[in-house]
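In this note's numbering, the protein residues as written are 911 to 1308.
In structure tokens form, the structure reads like this:
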């Protein structure tokens, strides 16, 4: 455990109190993630992450903390695999390679487009540079820091893929849909079966346009015959930004209902397919809804967390914030899109990206801010505990 300026804790009981001087979180936002849209059950790295998660739960149940912490105790800093996670390692570690596909509609103005290199700088640069200069993180450097180097994110941006028709062809005609959280009849590519079909037709067109440019074999990191994850970037305002009258495509994660078969053939002689994807706006700026600025990384970082099998940790019925902005898997992707919140200690422990240290009642411990100490303290629930519940304590000082 690293020695840093620390917060001292006398362990008597685990009580969560608001930090002094920190404003309480505001009311819940309009729900931006729409129920029913998710990756495939074994999509992205979910199968591999599930193996890691189950192994870690067994070790935690036996209180085998040396084995639980072995990947980070070995030094971390670099992925333990050049491809997908290794089943024998109790951490999600490897290199996730993600192709980003820029698309534009027939009526997209030239002024609404940017170069592929700008998106490479925002997404895949090892540190902020160019279009991401002045930001704390890129998509790649955020996950490198979060995972203590155990996860590498690499990729490239392709496009623009020019679609055949105007934008409304792929969003669905406003006035014909139901279920929009803003209470409108905008379709946004999601709020009817027809709108979904139209939207995915556009994504398939985009893949067809860039297919010959891409070596898809490098993007099947776990060897299952599918590209692990594709990020589609559309040029208009995110439909999730609202308000009424915003019928642009709504950012989401999902899978192609009819997987796209690429030209690329893997080592088993099978043509690689595309299914799991993220679709989001290519613009957004610091607030996520500024059409004059290039995209932030909060949304792609949050949705990638789902690709490792992590659940949403906000209250999905919209009545409260759940864990709120204290976690990427809550609403932390909106805290500051240029610098999303860290994952919470539980999510990091599920992935093997934090050192878990047991503590005993009546003892005194010191631990520094979470990003520098990379330690969560384990405190089991006393008495009858049939569900095996426990507390994980971390110091979320800035």
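Cβ coordinates follow ideal geometry from the N, Cα and C atoms, glycine included.
Residue i versus residue j: straight-line alpha-carbon distance, rounded
i	j	result
residue 1039	residue 1284	26 angstroms
residue 1168	residue 1111	10 angstroms
residue 969	residue 956	20 angstroms
residue 1300	residue 1271	13 angstroms
residue 1113	residue 1120	11 angstroms
residue 1278	residue 1198	31 angstroms
residue 1098	residue 1289	45 angstroms
residue 993	residue 1094	44 angstroms
residue 1296	residue 967	15 angstroms
residue 1178	residue 996	20 angstroms
residue 991	residue 949	23 angstroms
residue 1210	residue 1192	11 angstroms
residue 972	residue 1242	32 angstroms
residue 1083	residue 1189	19 angstroms
residue 1304	residue 1176	44 angstroms
residue 1063	residue 1032	12 angstroms
residue 1302	residue 1287	5 angstroms
Simplified DSSP assignment, three categories, for residue i
i	result
residue 1042	helix
residue 1163	strand
residue 1140	strand
residue 933	Reliability fails at residue 933, whose pLDDT of 36 lies under 50, so the model's placement of it is uncertain and the value that follows must be treated cautiously. In the structure shown, residue 933 sits in coil (DSSP, three-state: anything other than H, G, I, E or B).
residue 1251	coil
residue 1175	strand
residue 1298	coil
residue 1056	helix
residue 911	Residue confidence for residue 911 is low, a pLDDT of 38 falling below 50, so the modelled location carries little weight and cannot support an answer.
residue 1292	coil
residue 989	coil
residue 998	coil
residue 1062	strand
residue 1020	helix
residue 1258	helix
residue 1033	helix
residue 1236	helix
residue 1242	helix
residue 1048	coil
residue 1026	helix
residue 1268	strand
residue 1281	helix
residue 1168	strand
residue 922	Low per-residue confidence applies at residue 922: pLDDT is 36, beneath 50, and the placement is therefore not dependable, though the value from the model is reported in the following sentence. Correct three-state label for residue 922: coil.
Closest by C-alpha distance to residue i, when choosing among the options
i	options	result
residue 1081	1149, 1236, 1132, 1058	1149
residue 988	1091, 1298, 1136, 1051	1051
residue 1017	1242, 1208, 1072, 1174	1072
residue 1218	1191, 1138, 1198	1138
residue 1075	1116, 960, 1032	1116
residue 1042	1298, 1223, 995, 1205	1205
residue 998	1266, 978, 1035, 973	978
residue 944	1241, 1178, 1162	1162
residue 1143	1001, 1287, 996, 1008	1008
residue 1036	1026, 1025, 1065	1065
residue 1256	1021, 1239, 1047, 1060	1239
residue 1088	1053, 1273, 1103	1103
residue 1258	1236, 1273, 1246	1236
residue 1251	1264, 1268, 1230, 1208	1208
residue 942	1067, 1031, 1054, 1101	1101
residue 1002	1268, 1269, 1059, 1172	1059
residue 1079	1109, 1293, 1061, 964	1109
Integer Cβ distance of residue i from residue j, believed to fall under 8 angstroms
i	j	result
residue 1327	residue 1029	The requested residue 1327 does not occur in the structure, where the chain is confined to residues 911 to 1308.
residue 1158	residue 1141	Their Cβ separation, rounded to whole angstroms, is 17 angstroms, which puts residue 1158 and residue 1141 out of contact at 8 angstroms.
residue 1280	residue 1306	6 angstroms
residue 1165	residue 1129	Contact flag wrong, Cβ pair sits at about 15 angstroms.
residue 1067	residue 1010	4 angstroms
The ligand ZN heavy atom lying under 7 angstroms from the CB of residue i
i	result
residue 1101	In the structure on display, the ligand ZN does not appear, and there are no ligands present to speak of.
Cβ of residue i within 8 angstroms of any chain D Cβ
i	result
residue 1026	Protein chain content of the structure displayed is limited to a single chain, and chain D is not contained in it.
Any chance you could list the alpha helix (DSSP H) runs of at least 4 consecutive residues sitting entirely within the segment 945–986, in chain order? 956–971, 975–978, 980–983
For the segment 1064–1150, which segments carrying the beta strand (DSSP E) assignment without a break, of at least 3 residues, lie completely within its bounds, in sequence order? 1140–1144
Length at least 3, wholly inside the segment 1178–1229: the beta strand (DSSP E) runs in chain order: 1181–1191, 1200–1204
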